[in-house]
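Contents: one structure, followed by commentary.
In the numbering used here, the protein residues as written are 10 to 470.
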């Protein structure tokens with residue numbers, strides 16, 4: 010009878026061990042532990058508040074400490090060639106020599122480790138290398154928080170208040186700076202030889218410059234490749250106004266492999282058409298019609314705004330440039346146009362960059378008449394940078410915007426992955442924001458572009 014009683018706990022442990030080994034996911038492991046009743050006592054302490062999960066003295070840091078110290082002990086055993094307590098170790102030249110204390114910053118709170126050591130100092134841990142004070146997951150968390158728009162001190166406060174982990178702003182800054190090389194590689198990566206369409210838009214950021222803080226424009230370029238897939242080509246912070254800056258941007262794209270661009274859609278940038286003409290002489294510069302309409306309505310009174318907007322449809326929806334010119338002249342001669350002379354004047358000033366899209370059929374017009382797709386991205390980025398008063402330099406702007414774009418797309422991809430397998434009617438996750446997004450009705454658009462530019466497109470098919 011006694012033997013049976015003694016074997017029951019052992020059998021239960023073997024059964025639980027088998028369940029844990031057969032579990033495929035973390036959720037399966039948690040379910041197996043719950044079903045076994047092995048964690049009932051712990052859950053009761055958590056419910057009562059006697060035991061906390063994270064932070065100093067929490068359950069998760071304690072479990073992590075056990076796992077890491079067990080792994081370090083196994084590493085030392087492998088290094089020395091004998092198990093702890095084995096008499097054969099006395100005959101060997103090297104042996105165990107106690108441990109040193111080390112506090113490791115982690116995602117779940119500080120973990121105080123007893124790192125084993127040997128007598129001749131030749132043991133080099135791989136699980137927790139010498140000099141390492143953080144686990145990799147914590148670095149990923151810091152970068153994610155930074156990409157979400159939190160300042161260095163915001164991140165420091167968040168880690169301390171939520172996880173009890175103390176990390177200085179200087180250390181957090183070093184962690185974020187470690188990705189600068191990745192940003193440079195991305196900013197200088199090779200590109201496709203032909204982009205049928207490139208969109209260009211900007212957001213305003215505050216940057217320290219010579220002891221003063223001034224507004225700068227961070228320009229983001231999104232290219233559409235031959236398959237109709239959008240890619241963020243680069244981010245440039247404008248140093249100076251005019252053609253010299255844009256010449257540098259065009260040179261960067263050309264040096265990275267862009268040999269031709271059919272159409273560039275942007276918002277009336279000073280010096281940009283000249284830089285484009287110098288780099289890709291055959292490229293068409295198309296002003297964003299939506300931006301143009303907004304500019305035209307800027308000084309229109311509220312009571313006239315709807316009527317003016319309706320009248321302008323005859324201009325930007327005209328069948329060709331001649332019809333658009335006739336519609337604009339008719340508007341200017343009308344009572345509404347006479348009352349708002351700045352509207353027609355705005356279109357006249359931008360006429361050369363406004364009319365190119367009128368030469369295309371509707372399928373192409375819908376693709377090139379506006380930078381709305383990149384504006385959606387900029388809207389998300391503005392929400393992120395609004396918490397930051399200023400940036401220390403231009404490189405910090407590029408780094409944060411790149412991280413933010415990656416973070417936005419990763420979060421959306423994760424949400425879509427969770428809904429995979431559900432019916433379309435039950436899915437709520439958002440699609441790609443820009444990177445990797447496919448242009449709507451691209452097949453029709455590229456077909457029309459291949460008719461308009463057969464020699465330039467055929468060589469890249």
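Glycine residues also receive a C-beta, built at the ideal position from the N, C-alpha and C atoms.
Answer yes or no: do residue i and residue j have a C-beta to C-beta separation smaller than 7 angstroms?
i           : j           : result
residue 231 : residue 246 : no
residue 101 : residue 113 : no
residue 292 : residue 285 : yes
residue 413 : residue 383 : no
residue 212 : residue 425 : no
residue 108 : residue 96  : no
residue 431 : residue 372 : no
Would you kindly work out how many angstroms separate the C-alpha atoms of residue i and residue j, rounded to a whole number?
i           : j           : result
residue 341 : residue 335 : 10 angstroms
residue 204 : residue 253 : 23 angstroms
residue 268 : residue 206 : 13 angstroms
residue 363 : residue 296 : 5 angstroms
residue 94  : residue 189 : 48 angstroms
residue 165 : residue 406 : 20 angstroms
residue 150 : residue 210 : 30 angstroms
residue 136 : residue 80  : 7 angstroms
residue 214 : residue 281 : 20 angstroms
residue 315 : residue 415 : 39 angstroms
residue 354 : residue 306 : 11 angstroms
residue 53  : residue 239 : 52 angstroms
residue 352 : residue 309 : 8 angstroms
residue 224 : residue 324 : 35 angstroms
residue 99  : residue 90  : 12 angstroms
residue 197 : residue 244 : 10 angstroms
residue 337 : residue 312 : 20 angstroms
residue 417 : residue 360 : 37 angstroms
residue 29  : residue 152 : Low local confidence applies: a pLDDT of 48 at residue 29 is under 50, so the model's placement there is unreliable, and no value is given.
So, helix, strand or coil for residue i, using DSSP?
i           : result
residue 218 : strand
residue 126 : strand
residue 213 : strand
residue 15  : Low per-residue confidence applies at residue 15: pLDDT is 47, beneath 50, and the placement is therefore not dependable, though the value from the model is reported in the following sentence. Here residue 15 sits in helix by DSSP.
residue 205 : strand
residue 380 : coil
residue 238 : strand
residue 395 : coil
residue 111 : strand
residue 94  : coil
residue 400 : strand
residue 135 : coil
residue 244 : strand
residue 225 : strand
Starting from the C-beta of residue i, find all residues in its chain whose C-beta is less than 7 angstroms away, skip the five residues before and the five after it, and write them out in chain order.
i           : result
residue 128 : 103, 104, 106
residue 178 : 161, 162, 165
residue 13  : At residue 13, the pLDDT of 46 sits below 50, so the modelled position is not reliable and the matter cannot be decided from this model.
residue 133 : 139
residue 462 : 271
Keeping to the same chain, check which residues put their C-beta closer than 8 angstroms to that of residue i; ignore five residues upstream and five downstream.
i           : result
residue 217 : 399, 400, 401, 402
residue 503 : What the structure shows of the chain is the stretch from 10 to 470, and residue 503 is not part of that stretch, so it cannot be assessed.
For residue i, I'd like the list of residues in its chain whose CB is within less than 6 angstroms of its CB, leaving aside the five on either flank, ordered along the chain.
i           : result
residue 263 : 288
residue 74  : 120
residue 16  : Caution applies to residue 16, whose pLDDT of 45 falls short of 50 and renders its modelled position unreliable; the value that the coordinates give is listed next. None.
Query - Runs of alpha helix (DSSP H) wholly within the stretch 252-310 (minimum 4 residues, chain order) - result: 252-264, 281-288, 298-306
Query raised in the report: Mind pulling the alpha helix (DSSP H) runs of 4 or more residues that sit fully within the stretch 316-390?
Result: 330-342, 344-348, 350-358, 360-363, 371-377
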